[in-house]
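I have placed the structure first, in the form of structure tokens, so that the comments after it can refer back to it.
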Amino acid sequence: MRANGHNNVILTIDQQACYGCRRCLGARVCPSKAIRSIDPGEAPYIDVDLCRECMVCIPACPSGAIIRHDHQR
Ligand code: SF4
Ligand code: SF4
Numbered sequence: 682m683r684a685n686g687h688n689n690v691i692l693t694i695d696q697q698a699c700y701g702c703r704r705c706l707g708a709r710v711c712p713s714k715a716i717r718s719i720d721p722g723e724a725p726y727i728d729v730d731l732c733r734e735c736m737v738c739i740p741a742c743p744s745g746a747i748i749r750h751d752h753q754r
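Just so you know, the sequence shown maps onto residues 682 to 754 in our numbering.
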């Protein structure tokens with residue numbers, strides 16, 4: 682897991698918990714367009730270089746698959 686250089690928080694999408702509703706990909710969810718999808722049949726991922734840790738996406742996911750990780754430097 683790598684840090685994105687902004688602070689000590691990164692977000693990931695739990696591939697097991699995600700059921701692919703694609704709600705988090707909506708244009709109004711992520712202001713940085715950091716939530717990306719390569720294959721519509723697979724869970725999206727968060728581009729940590731684009732993510733600004735605004736946390737808007739966490740409550741947007743109905744399955745709680747978007748996870749915040751706090752870590753030490
Ligand atoms: S909103 Fe949650 S369950 Fe839906 S695609 Fe995104 S991460 Fe997966
Ligand atoms: S925390 Fe904010 S910037 Fe990062 S992926 Fe979620 S909505 Fe986008």
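From the three backbone atoms N, C-alpha and C, an ideal C-beta is built for every residue, glycine too.
- For Cys702, the shortest C-beta to heavy atom distance toward ligand 1 is below 7 Å.
- If you keep only unbroken alpha helix (DSSP H) runs of at least 4 residues inside the segment 713–750, you get 738–741.
- Secondary structure note for Val710: it is in no beta strand (DSSP E), with a DSSP letter that is neither H nor E.
- Here Cys738 really is in contact with Ile747; their C-beta atoms are around 5 Å apart, less than 8 Å.
- Exposed is the label assigned to Pro712, since fewer than 16 other Cβ atoms lie within 10 Å of its Cβ.
- Nearest to Asp720 by C-alpha distance, out of Cys702, Cys735, Ala698, is Cys702.
- Just so you know, the alpha carbons of Gln697 and Asp730 end up roughly 23 Å apart.
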